[in-house]
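FYI, in my numbering the residues of the sequence shown are 29 to 292. Input: a single structure, listed below in structure tokens.
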Amino acid sequence: MRQTRPDGGCAADHELPEMTHGRNLFRESFSAQGRVTAATAERRALLRCDLAARDISPDETSRLLQLLRLCAMRPEIAVRLLLFAKARELAGASEASLQVPVVFRDVEELKQTIFSTFPKLRVLQHSAVVAVNEVYVEAGAEVTLRPGDEVAFIPPISGGRVAKLSYEAYAPMAKREMLRICGALRRQWDVKNVALVHRLGEVPVGEASVLIAISSEHRQEAQAAVKYAIDEVKGRVPVWKKEIYEDGDAEWKENKECFWTASS
């Protein structure tokens with residue numbers, strides 16, 4: 029038999045020894061985190077009592093309580109948020125330290141946490157992706173973070189021909205992606221030497237911003253590899269291009285090959 033408490037919890041009429049132990053365990057474990065009030069710990073202890081009153085096995089009770097701690101409490105850690113191009117300009121900062129939960133059910137939930145700190149970034153909600161430690165996070169995938177992780181909020185990659193250009197990049201991740209491209213094309217085609225170069229900063233009118241050099245004994249192999257490389261560079265390497273117009277206006281340009289916006 030249980031009685032309903034004013035705070036909405038339930039407790040047995042006669043408290044068993046394991047209930048007292050559960051109540052104390054909750055108080056000790058949650059107060060150690062320094063993030064939960066005594067009232068909250070008390071309510072969670074009452075849940076422990078309620079589970080005992082329902083004759084749930086000790087193992088099952090332990091498992092449920094562990095899930096409760098992970099899901100309801102969601103301890104927070106500090107991560108480094110990196111912002112680029114239009115996102116940097118909207119936020120007014122290139123990086124920030126964020127306190128975030130350890131686990132997100134998907135990347136969209138992580139984005140909402142970023143928006144709570146930088147509301148102006150919401151205009152990029154459907155056109156930006158997220159990378160963790162220089163690796164893109166797949167849509168729908170659970171995100172698990174560790175203290176000190178780098179979380180990059182990446183707007184659509186820029187591209188196109190303009191009169192005056194200025195490039196910026198998430199340099200460590202750009203290098204990582206370019207090395208991945210080199211490895212991928214070597215596995216697909218019989219090539220000897222590969223070089224990929226992308227310029228940053230201002231590029232004079234008429235000069236190349238990307239250099240791709242591939243040698244092979246077979247011309248068709250080299251040509252196919254070059255086409256693959258430029259498509260991958262434009263679609264996946266986090267480099268942004270700003271178009272600067274004669275009247276002084278400027279605009280960050282979206283590249284149609286950008287892999288997360290190409291299908292939209």
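We treat Cβ as the ideally placed atom computed from N, Cα and C, and that holds for glycine. Everything numeric in this text was worked out from a predicted model, so none of it was measured.
Identified DSSP bridge partners for residue i
| i | result |
| --- | --- |
| Tyr-164 | Ala-159 |
| Ser-243 | Asn-221 |
| Ala-278 | Ile-272 |
Local conformation of residue i per DSSP, three classes
| i | result |
| --- | --- |
| Ala-169 | coil |
| Glu-230 | strand |
| Glu-285 | coil |
| Arg-108 | strand |
| Gly-187 | For Gly-187, the predicted model reports a pLDDT of 49, less than 50, meaning its position is unreliable; a value from the coordinates is still stated below. Reduced to three states, the DSSP call for Gly-187 is coil. |
Unbroken alpha helix (DSSP H) run spanning residue i, endpoints
| i | result |
| --- | --- |
| Pro-129 | Per DSSP, Pro-129 belongs to no alpha helix (DSSP H); it is in the beta strand (DSSP E), 123 to 129. |
| Leu-118 | 113 to 119 |
| Ala-257 | 247 to 264 |
Opening and closing residue of the beta strand (DSSP E) in which residue i lies
| i | result |
| --- | --- |
| Tyr-195 | 193 to 197 |
| Ile-142 | Not the beta strand (DSSP E): Ile-142 falls in the alpha helix (DSSP H), residues 135 to 145. |
| Asn-270 | Per the sequence presented here, residue 270 reads as Lys, with Asn not at that position. Per DSSP, Lys-270 belongs to the beta strand (DSSP E) from 267 to 272. |
| Ser-237 | Note, Ser-237: premise wrong, no beta strand (DSSP E); not H, not E. |
| Val-219 | That residue, Val-219, is in no beta strand (DSSP E); it is neither H nor E in DSSP. |
| Val-179 | 178 to 182 |
Proximity test, residue i beta-carbon vs the ligand SAM heavy atom, cut-off 7 Å
| i | result |
| --- | --- |
| Leu-228 | You won't find the ligand SAM in this model; it holds no ligand whatsoever. |
8 Å contact criterion, which residue i and residue j should meet: CB distance rounded
| i | j | result |
| --- | --- | --- |
| Glu-282 | Gly-263 | Going by Cβ atoms, the distance from Glu-282 to Gly-263 rounds to 12 Å, so no, they are not a contact pair. |
| Ile-209 | Glu-260 | 5 Å |
| Glu-196 | Leu-224 | The pair is not a contact, with the Cβ atoms about 18 Å apart (cut-off 8 Å). |
| Ser-194 | Ile-272 | 6 Å |
| Pro-266 | Met-201 | 5 Å |
| Ser-122 | Arg-116 | 5 Å |
| Val-165 | Glu-178 | Contact doesn't hold; Cβ gap of about 12 Å is too wide. |
8 Å Cβ cutoff, residue i in contact with chain C
| i | result |
| --- | --- |
| Ile-209 | The structure shown contains no chain C; it holds only a single protein chain. |
With three or more C-beta pairs closer than 8 Å as the rule, is the region 125 to 141 touching the region 232 to 240?
Touching, no, given that fewer than three Cβ pairs across the two stretches are closer than 8 Å.
Mind the definition here: the region 177 to 184 touches the region 204 to 218 only if three or more C-beta pairs lie below 8 Å; say whether that holds.
Result no; under three Cβ-Cβ pairs closer than 8 Å.
Should the region 149 to 159 be regarded as contacting the region 249 to 257, the criterion being three or more beta carbon pairs within less than 8 Å?
No, the region 149 to 159 is not in contact with the region 249 to 257.
The region 241 to 252 touching the region 160 to 175, judged by at least three CB pairs closer than 8 Å:
In short, these stretches do not touch, since the Cβ pair count stays below three.
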